[in-house]
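Right, one structure below, let's go through it.
Residue numbers (UniProt numbering): 1 to 951.
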C-alpha cells in the first residue's frame, strides 16, 4: 500500500510539472512544399529549455507541425494564454523540430522545462503521454513501452517518412492532435516524443530523443546543427536475415561478443541515385574502425564528419568491401528557397522526394499551380523548349517570358509509373501580379524573406490569327440554314484569382455562341463565367485564342455577354439572328451544341416537349443560382448530356439557349441542362449593340409558380383566372413571392414594395402569368406605379420599385490575411430573405492556410467591428484595419475575432501586413503604407496590381 501511495505521489508530481510544460500548437503552413500542401493544423509540443538570459523558451514538436516551408504559429499554455512562436530548427530527416517563444509574452504562468532523457526508454517502462484530445485540450494516455528497436514507420506513398533511425513502440492510444506529445516516466522526464499511431489498434510510435537533445545543445550554444549523410537509407535487419545477405559466421560471433544483446545489424535498404557507392543489401560492419550496429552510432559519426571522408567496411554478398565516402551536408537536401510566378510555386528536389521516387536529388519540383492542368507533384523538365536544371535556370528562362502568353511545358508526374514525360500548355497568368519572386529561408532566425527578382515581360501586341471552322453538315435540306451555326461556337476559358461570391473553382471552361460577329459579342453561361473578376479567353475553331472582356451578367438568369476584338480573328464567323417570337410546345427545332469538344458539334433535330416554371432549388451555400425563369425541355435525350448549345428554328433563328444550371439536390450541389428562351435576351442585345449603358434592375424577390386553385384560395379574383385561361400563355400559373431579399427590414434606403406571399397580377396593364412576363422590368424604369397584386387576400394597386443589380454585387474586393472580403452579393441576401445585414463587409472565402483561420473565423460571416470601431463597409474596414498594430487585435465578439500573428512578416509580401484591393470602379486613395489602392476607371479593365497577396 505504501508503495502504491509512493507511486501515485510520483505520478502526481510528474503530472503537475508536465502540465506547466505542455502546449497546444496552432500552425499554418501557407506554401505547399514537398507533399506538404498549404494547411492549418493543431498539434502538441512541450518546453525543453528556458533561457532566462535571452528570455526565450524552447519547445519541441514534430517536423510535420513546422513543415519545411514558411510557418506561422502560436501556442496555448494550460493557463489559456496564447503566445506566438518562431521556428528555429527543423530536422532534414527525423520527425522533430524546435520553435521558440518570448517568456515576456507569458504573463500568468511560470513555465517549466522538461529534461530530455533518451537513455531511460526501456522495454517495460510505464509512461504517460500528455497529448491533445482531438484539439479539445489536455488528455493523458497511459502506456507501457513494448519495443525500442522498431524501424521508422512507413506512413504511405507520397508523404513524409522518417528514415535511418529507430522508433519506440508503446501500447498507448493517443488520438488526433497529439503529434509532438512527450512520453513521460514517473519521475517527470521526457523519454520520447510521439510521432504517429495505428488506426487499427492501440499502438503509438515515438521518436527517441537523442537527436533532439543534440540539436537543442547546439542551438543553445549558438552552434550550427550539423547533419551528415552518405546517400543511403538503412534499417535494422535481424541477424538471421543478415546471414542470408552474406553475413559470415565469424562476423556474427564478433558482433555478438561485442554486443551480447544484439539481435540486428544495419543493412542498406535503398541507395539514393548518384549519391553513394554503396549498394542495396550491403551490411554495415565497421565505420572508421569501430563496429556499428545502431542508427545512433552512424548519426554520431556522420553528423560530426560533414565534409570529411569516412572509411566504411561493409559485407556485400559475403565479400568484404572497404569504401571511402565523403559525408554530405544533409541540410542541403531540404529546400530552403522557392520561386513563385503566375500563381505557381517551384522549389528544388528534396531528399524525401528523391528517395521515394528513386531519382537523383536534382531538378525543380512544381509544388502548386492554380491555372494549368499539371498533375502534382511534378518534376519540371523544360519550359518554352528550354531545359530547367535548377532554380537559377528557371529564373533565367522565366525572365524571357511575356505576361499572359502560353508556353510549352514538359514535366514528369512524380506519382506515375512507369515514369514518362507529360506535355502541357503553361499560361504566364499575370493579370493580378507581374512579379517573379524568390523566397529564401534565413536559418538563424527561421524567417523567410521574399524579394522580387524580376517581372514578366509586357504582353505582346496581339496579332490577327487565321483559322477555319469544320463544316456542320445537316442532311435535311429544309434545315440548311442551321449549318451556318458551325461557325458560331467558341470555347471559353475563365480564370479567377480569388474565390469571389462564394465560388469554389478558380478555373472554368465551357462554350459560347457568337451573336454579333461585327462587335465580337458572345453569349455564355454563368456556370462558365460566374463574375467579372476574371481573365477570359475565347478560342475559335481550336486555333485562334483571344482575350475577351466581360460585358454583362444577368443577376437572375443564367447568361452573360462577353466581347472580343473581332479584328483579331480572320475567319468566317457567323452570328445568327435571335428570334423575337419565342417558342411553343410542339415546335420543331434543331439542337446544336457540344459536350467536351467543339469539333465536332452535335446537331440533332428535336421537338419542344415542355415549357414550365423553374423548380430547381437554390444552394444553401451562398453562391449564384438562377431564379425566376421558365425552362424549356426537348424530346431528344442527347441535349441533356450537353453543357451548352442553341435551339434553332427552320428559319435559322436562335429561339433558345441551352445552358447548364447549378442547383441543390439532396443537400448537395448538382447540375442540369435546360433551355432558356432568347425572347428576353434579344432586347438586351439591341441595347448593347446601340452602345447604351446596360445594367439590369431587379425586383429583389424570388417567385414561385402556383396553380389556379392555390391562386384562387389566396384571393386572386375570378376575372384574372379567366384572363389566364383565355390567354395564349403555355403556362397556366400565377407568380407568388416566395421570398423578398431586398425589402422590408433591409438596410437599403429604397425598399421593395413586394412582400413574401404577394401574387403579382399585372404591371402597367400587362398581365403576369409566367416568369418571362416580368423580364421587361429588368431593363426599364425604376418605378412602376400601376402594379396590381394580391396581398393578404386583398387585390390592390401599388407603386413597385426596382433596384439596380450592380448596387448589390461586389465592385471592389479586399484580400486580407488570406480572407476575401466583399460587399454581400445577391445570393447572400437571398439566403437571409430580407433580414437586415449585420454589415456590408462579408467574408466570402478564407484560404486553406490563412492567418484569418487562427482566430476561429469561418467564411460566410460578416465583420461588424474591429476593436471598438464599427465597420459597415469596406472603406471603414480598411480605415479601421490600418490602425491595427501587428499582433493581436479583435473584432466585436458578435461576429469574429481578428488575429494578426506577430511573426507572419517573415513571409514578406506573401503574408505581410499589406492589403491589396482589386477595384473595377473608382474609389478612394490612401497614404497608409499598409495598403495599396490602385485606382481603376470604371470603364477600364482590371489592371495588374503591384505587390502580392496570398490565399
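C-beta: ideal position from N, C-alpha, C; glycine also.
Own chain partners of residue 298 with C-beta closer than 8 Å, once the 5 adjacent residues on each side are dropped = 164, 234, 266, 284, 287 and 292
Neighbourhood of residue 773 by C-beta, 6 Å cutoff - its chain only, sequence neighbours within 5 removed = none
inquiry  = Which of the three DSSP states is assigned to residue 448 in this structure?
reply    = strand
task = Pick helix, strand or coil for residue 76, following the three-state DSSP scheme.
result = strand
task = Have a look at residue 277 and residue 215 and give me their C-alpha separation to the nearest angstrom.
result = 29 Å
ask   = Do the segment 464-479 and the segment 497-509 touch if we need at least three Cβ pairs shorter than 8 Å?
value = no
message = On the DSSP letters alone, give me the boundaries of the alpha helix (DSSP H) that residue 354 sits inside.
response = 351-357
request  = Using the Cα positions of residue 465 and residue 541, report the straight-line distance between them to the nearest angstrom.
outcome  = 11 Å
query = Based on the DSSP secondary-structure assignment, which residues constitute the bridge partners of residue 97?
reply = 61 and 90
query = Under a three-way DSSP split, which group does residue 385 fall into?
reply = coil
request  = Quick one: grab the DSSP three-state call for residue 880.
outcome  = helix
key: CB-CB length for residue 571 against residue 544, believed under 8 Å   = 7 Å
ask   = I think residue 769 touches residue 727, with their Cβ atoms under 8 Å apart; what is that distance to the nearest whole Å?
value = 6 Å
key: Distance, residue 80 Cα to residue 137 Cα   = 10 Å
message = Quick check on the burial criterion: 16 or more other C-beta atoms within 10 angstroms. Buried or exposed for residue 778?
response = buried
request  = Please confirm if the segment 656-665 is in contact with the segment 865-875, defined as three or more CB-CB distances below 8 Å between the two stretches.
outcome  = no
message = Determine whether the beta carbon atoms of residue 998 and residue 112 lie at a separation below 7 Å.
response = Residue 998 lies beyond the range of the chain shown here (1 to 951); nothing can be said about it.
inquiry  = So, for residue 12: in the same chain, excluding its five sequence neighbours on each side, which residues have a beta-carbon less than 8 Å away from its beta-carbon?
reply    = none
ask   = Thinking just about the alpha-carbon of each residue, which of 242, 152 and 222 is nearest to the one in residue 208?
value = 152
query = residue 202 to residue 123, Cα distance in whole Å?
reply = 17 Å
task = Check whether the Cβ atoms of residue 529 and residue 523 sit closer than 7 Å, and answer yes or no.
result = no
query = Does DSSP put residue 605 in a helix, a strand or coil?
reply = strand
Of the listed residues 419, 413 and 494, nearest to residue 431 (C-alpha basis) = 494
message = If you measure between the beta carbons of residue 365 and residue 377, is that distance less than 7 Å?
response = yes
query = Roughly how many whole angstroms lie between the Cα atoms of residue 280 and residue 314?
reply = 11 Å
inquiry  = In the DSSP output, what is residue 525 paired with across the bridge?
reply    = 559
message = Out of 370, 341 and 333, which one is the CA nearest neighbour of residue 354?
response = 333
ask   = On the three-pair Cβ rule with 8 Å, is the segment 61-73 touching the segment 33-48?
value = yes
message = What does the Cβ neighbour count give for residue 588, buried or exposed, with the cut at 16 atoms within 10 Å?
response = exposed
task = May I ask you to report which of helix, strand or coil DSSP gives residue 406?
result = strand
task = Compute the distance between the beta-carbons of residue 335 and residue 351, then report whether it is under 7 Å.
result = no
inquiry  = For a quick check, are the C-beta atoms of residue 822 and residue 810 less than 7 Å apart?
reply    = yes
key: Contiguous beta strand (DSSP E) assignments of at least 3 residues, all confined to the segment 751-816   = 759-763, 783-791, 794-801 and 812-816
task = Report yes if the C-beta distance between residue 120 and residue 191 is below 7 Å; otherwise report no.
result = yes
Residue 118 (DSSP reduced to helix, strand or coil) = helix
Simplified DSSP state of residue 630, which is helix, strand or coil = strand
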